[in-house]
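Anchor point for the sequence shown: position 357 equals 357 in the UniProt record's numbering, and the numbering is continuous, going up by one each time.
Cβ coordinates follow ideal geometry from the N, Cα and C atoms, glycine included.
In this text the structure is predicted, and so the values were computed from the model without any measurement.
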Amino acid sequence: MFITDIRKEFYEVVANQRVALLVASDIDALCACKILQALFHCDQVQYTLVPVTGWQDLGTAFLEHKEQFRFFVLINCGANVDLLEMLQPDDDSIFFICDTHRPVDVVNVYNDTQIKLLIKQDDDLGVPSYDDIFRDEEDNDEEGGDSGNESDGGSEPSGKRRRFDEVCVEQIRREILFDYEQYEYHGTSAAMVFFELAWVLTKDTKDMLWWAVIGLTDQWVHDKITHMKYVTDVATMQRHVSRHNHRNEDEENSLSIDCMRISFEYDLRLTLYQHWSLFESICNSCYTSCHFKLWTLNGQKKLQEFLADMGLPLKQVRQKFNSMDMSIKENLRDVIEESSNKYGIKDIRIQTFGVNFGFKNRFLASDMVHAATALLESTEKDDSDSDSFIKALDSLSRSNLDRLHSGIDLAKKKLIAIQQTVASCIYTNLILSQGPFLYCYLMEGTPDVKLFSKPMALTLLCKYLLKAFVHSTRNKRCKLLPLIMAAPKDVEKGTVIVAGIPPESETSDKKNFFGRAFEKAAESTSSRTLHDHFDTSIIELKMEDRTKFLDALITLLS
1 MFITDIRKEF YEVVANQRVA LLVASDIDAL CACKILQALF HCDQVQYTLV PVTGWQDLGT
61 AFLEHKEQFR FFVLINCGAN VDLLEMLQPD DDSIFFICDT HRPVDVVNVY NDTQIKLLIK
121 QDDDLGVPSY DDIFRDEEDN DEEGGDSGNE SDGGSEPSGK RRRFDEVCVE QIRREILFDY
181 EQYEYHGTSA AMVFFELAWV LTKDTKDMLW WAVIGLTDQW VHDKITHMKY VTDVATMQRH
241 VSRHNHRNED EENSLSIDCM RISFEYDLRL TLYQHWSLFE SICNSCYTSC HFKLWTLNGQ
301 KKLQEFLADM GLPLKQVRQK FNSMDMSIKE NLRDVIEESS NKYGIKDIRI QTFGVNFGFK
361 NRFLASDMVH AATALLESTE KDDSDSDSFI KALDSLSRSN LDRLHSGIDL AKKKLIAIQQ
421 TVASCIYTNL ILSQGPFLYC YLMEGTPDVK LFSKPMALTL LCKYLLKAFV HSTRNKRCKL
481 LPLIMAAPKD VEKGTVIVAG IPPESETSDK KNFFGRAFEK AAESTSSRTL HDHFDTSIIE
541 LKMEDRTKFL DALITLLS
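Right, dumping it as structure tokens:
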């Protein structure tokens with residue numbers, strides 16, 4: 001059931017208990033976890049933190065902890081499946097679920113005893129009414145008792161009639177559920193939900209506010225929410241930022257060396273540009289790279305003209321941003337925006353937030369997201385999933401800037417790898433039109449292929465590749481198609497990881513239908529698939545079953 005008063009029905013319930021925190025592997029979940037940890041530290045609530053990467057992990061974590069814990073908090077996992085059916089818990093276990101995945105499973109919505117959903121009701125949830133889904137079964141049971149007596153009187157047609165009604169009702173119920181569960185999409189950031197809890201408890205700090213901002217920015221960077229939703233949520237966060245800055249004006253008139261100041265920015269859509277050279281950032285940012293088509297010679301030429309138009313010397317553009325002349329840096333954003341408009345690159349600036357730690361360190365929210373994601377999906381041999389999780393969690397603390405800087409270096413390598421992979425896929429025509437969708441398969445042996453065995457890296461590559469393809473193709477029909485991408489996952493086991501994303505468009509509602517399509521295709525062909533990711537549009541598949549699985553998808557979506 002949905003919780004209406006998060007303070008009373010959630011926080012005050014768990015405040016004197018031991019709690020198990022089961023946290024998914026994404027940046028929004030990490031930020032939500034940091035906020036909740038800070039609140040638990042304030043009130044000395046005992047908790048155990050368990051990172052979970054998928055459904056199997058979640059099941060194992062629950063089995064290991066169900067004896068010691070009665071209360072479980074699930075962050076960014078658990079809302080979109082029938083959790084009680086999956087975990088088979090005892091009757092006294094209670095699950096608090098704060099999850100951005102939609103649609104929320106109807107059984108979770110209407111279970112009043114064990115499932116408590118910390119989900120904002122103003123998200124457009126569209127949950128079917130209880131009567132449409134469950135009431136019919138109960139009604140039929142009640143009617144069954146009465147009609148048995150009637151049939152003794154020889155009214156045989158009433159039995160047939162009732163069976164016919166049951167079939168009709170079941171069919172309507174299936175249709176309602178299909179319409180509701182057809183598309184996967186995302187709701188309000190979990191970090192924002194927990195920040196609002198901290199605010200209600202009057203325990204919100206600047207660190208918590210910054211984590212909430214990073215959680216929201218993660219949804220924008222990984223393209224999980226619509227532009228409209230992003231702008232609305234940014235406005236909410238902006239009000240909190242103004243409140244905090246106003247509250248601390250008196251204390252911080254004498255700026256201390258370890259102070260923290262968050263500011264609302266209208267900044268450039270150039271990835272990591274303050275920690276890189278401007279030239280490399282333009283070359284490796286999806287937005288500019290696709291507009292200039294930098295994988296072509298013409299695109300390279302156009303970029304040189306663009307830099308000349310801004311009047312920026314190449315020597316300045318190619319050195320680290322921090323080392324650029326102050327006179328150039330002062331009005332750099334305006335200069336870039338002006339030239340971008342001339343070259344048809346609209347909206348080069350976006351509403352976002354920045355932070356200053358003391359005098360020296362400055363980061364944008366998107367820098368934090370890229371750095372933490374790179375640490376979370378590290379491909380180092382010695383790092384286990386939980387090691388990477390702890391490193392990413394550490395990088396979000398301002399006391400751990402070395403970890404953050406190492407994350408930024410990893411993120412740069414990842415962005416360069418994505419850029420090179422996109423260029424080679426377009427050059428070698430690896431993107432094939434399969435009818436209802438585009439398809440691209442990264443062969444074993446492709447440079448950096450190991451990096452793309454991770455779900456977030458593969459999804460980011462997918463989005464980048466589709467945008468680049470739309471900019472480079474002349475086929476109008478292909479511009480409107482979604483993309484499925486596959487990359488080797490585990491060579492020894494012979495598995496590939498497959499991700500599907502909706503068509504590329506600025507006005508897209510970001511709803512993804514591939515989750516249900518993958519399930520149906522796997523079912524109809526008996527393909528050996530593993531649907532273990534919390535995002536249903538990412539699956540693992542046996543290499544030998546790839547062809548029949550794709551054929552089934554084409555048939556299904558045609």
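- Query: Who pairs with residue 267 in a beta bridge, going by DSSP?
  - Reply: 350
- Buried/exposed call for residue 228, threshold 16 Cβ in 10 Å: exposed
- Item | Paired residues, beta bridge with residue 18 - DSSP | Answer is 46, bridged to residue 18.
- Item | Sub-9 Å separation of residue 532 and residue 55 beta-carbons | yes
- Message: My output table needs one value for residue 345: the three-state DSSP class, helix, strand or coil.
- Response: coil
- Indicate whether residue 472 and residue 296 have their beta-carbon atoms separated by less than 9 Å. yes
- Message: For a quick check, are the C-beta atoms of residue 595 and residue 518 less than 9 Å apart?
- Response: Residue 595 lies beyond the residue range present for the chain, which begins at 1 and ends at 558; the question has no answer from this structure.
- Mapping DSSP to helix, strand and coil, what is residue 440? strand
- Residue span of the beta strand (DSSP E) that contains residue 559, given as start and end: There is simply no residue 559 to check, as the chain begins at 1 and stops at 558 in what is shown.
- Message: Going by DSSP in three states, residue 591 sits in which element: helix, strand or coil?
- Response: Any property of residue 591 remains undetermined from this structure, which presents the chain solely from 1 to 558.
- Message: By alpha-carbon positions, which one of 513, 403, 218, 126 ends up nearest to residue 556?
- Response: 513
- Item | Element boundaries [beta strand (DSSP E), containing residue 3] | No beta strand (DSSP E) contains residue 3, which DSSP labels as neither H nor E.
- Item | Local Cβ density within 10 Å of residue 311, reported as buried at 16 or more and exposed below that | By the 10 Å Cβ count, residue 311 comes out exposed.
- Are the stretch 168 to 183 and the stretch 359 to 375 touching, with three or more C-beta to C-beta distances below 8 Å? no
- Expressed to the nearest angstrom, what Euclidean distance is found between the alpha-carbon atoms of residue 121 and residue 2? 8 Å
- Query: If you draw a straight line from the C-alpha of residue 494 to the C-alpha of residue 539, how long is it?
  - Reply: 14 Å
- Query: When DSSP labels each residue in this structure, what does residue 324 get in the three-state scheme?
  - Reply: The three-state secondary structure of residue 324, taken from DSSP, is coil.
- Query: First and last residue of the alpha helix (DSSP H) that includes residue 409?
  - Reply: 401 to 427
- Query: Taking all protein chains shown into account, do 16 or more other C-beta atoms lie within 10 angstroms of the C-beta of residue 252, making it buried, or fewer, making it exposed?
  - Reply: Low per-residue confidence applies at residue 252: pLDDT is 49, beneath 50, and the placement is therefore not dependable enough to give any value.
- Message: Between 164, 209, 520, 180, which has its C-alpha nearest residue 126's C-alpha?
- Response: With distances taken between CA atoms, residue 126 lies nearest to 180 out of 164, 209, 520, 180.
- Do the stretch 399 to 412 and the stretch 453 to 460 make contact, defined as three or more Cβ pairs closer than 8 Å? No contact exists between the stretch 399 to 412 and the stretch 453 to 460.
- Item | residue 300 to residue 272 span [Cα, whole Å] | 21 Å
- Query: At which residues does the alpha helix (DSSP H) containing residue 239 begin and terminate?
  - Reply: 227 to 247
- Message: Nearest by alpha-carbon distance to residue 41: which of 261, 402, 203, 370 is it?
- Response: 203
- Message: For residue 548 and residue 529, which I take to be in contact (beta-carbon distance under 8 Å), what is that distance rounded to the nearest angstrom?
- Response: Separation of the CB atoms of residue 548 and residue 529 is rounded to 11 Å, and the pair is thereby denied contact status at 8 Å.
- Message: Per the DSSP calculation, residue 108 is bridged to which residue(s)?
- Response: Answer by DSSP bridge pairing: none, since residue 108 is not bridged.
- Query: So, residue 17 versus residue 50, is the Cβ gap smaller than 9 Å?
  - Reply: no
- If you draw a straight line from the alpha carbon of residue 414 to that of residue 449, how long is it in whole angstroms? Going from the Cα of residue 414 to the Cα of residue 449 covers about 11 Å.
- Message: What would DSSP say about residue 277, mapped onto helix, strand or coil?
- Response: strand
- Kindly indicate which three-state DSSP category residue 162 falls into: helix, strand or coil? helix
- Any 3 or more C-beta pairs closer than 8 Å across the stretch 262 to 272 and the stretch 340 to 351: yes
- Query: Could you give the distance in angstroms between the alpha-carbon of residue 38 and the alpha-carbon of residue 48?
  - Reply: 14 Å
- On a CA-only basis, which of 238, 242, 186 is nearest residue 226? Give me that one, please. 186
- Alpha carbon to alpha carbon, how far is residue 491 from residue 544? So the alpha carbons of these two residues sit roughly 12 Å apart.
- Message: Please state whether the Cβ-Cβ distance between residue 102 and residue 184 is less than 9 Å.
- Response: Yes, they are a contact pair.
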